[in-house]
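Notes for the one structure printed next.
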Ligand SMILES: [Zn+2]
């Protein structure tokens, strides 16, 4: 990776049309996907004829590629959010561990 700090994330006009920017109490505003949602609440996007997860697509567009086996955890706890700054690459194991931890403490 590079030594210089990453540039701030700037919404391209195309992406701005796809999201609604809403402050839901996380440290920065969530980008709520306005397109189709999957049954479990994740945004879906059609890229070059292939449907994929919107948050994954945007993360890779803005940050870096994500391995097929890696998950992206929503740090803001909002599945509809596609703000790359609210996502963290985690292993599936870590993702499930966090989900279980949340269920245990009774968070939504
Ligand atoms: Zn968010």
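In the numbering used here, the protein residues as written are -5 to 102. Even for Gly, the Cβ is constructed at its ideal location relative to N, Cα and C. All values reported here derive from a predicted model rather than from experimental measurement.
Boundaries of the beta strand (DSSP E) in which residue i is found, first to last residue
| i | result |
| --- | --- |
| residue 65 | 65 to 68 |
| residue 38 | 38 to 41 |
| residue 81 | 81 to 84 |
| residue 9 | Premise fails: residue 9 lies in the alpha helix (DSSP H), 7 to 10, not in any beta strand (DSSP E). |
Pair within 7 Å by beta-carbon distance, residue i and residue j
| i | j | result |
| --- | --- | --- |
| residue 65 | residue 34 | no |
| residue 27 | residue 19 | no |
| residue 76 | residue 52 | yes |
| residue 29 | residue 5 | no |
| residue 67 | residue 82 | yes |
| residue 60 | residue 48 | no |
Buried/exposed call for residue i, threshold 16 Cβ in 10 Å
| i | result |
| --- | --- |
| residue 21 | exposed |
| residue 78 | buried |
| residue 93 | exposed |
| residue 95 | exposed |
| residue 42 | exposed |
| residue 10 | exposed |
| residue 8 | exposed |
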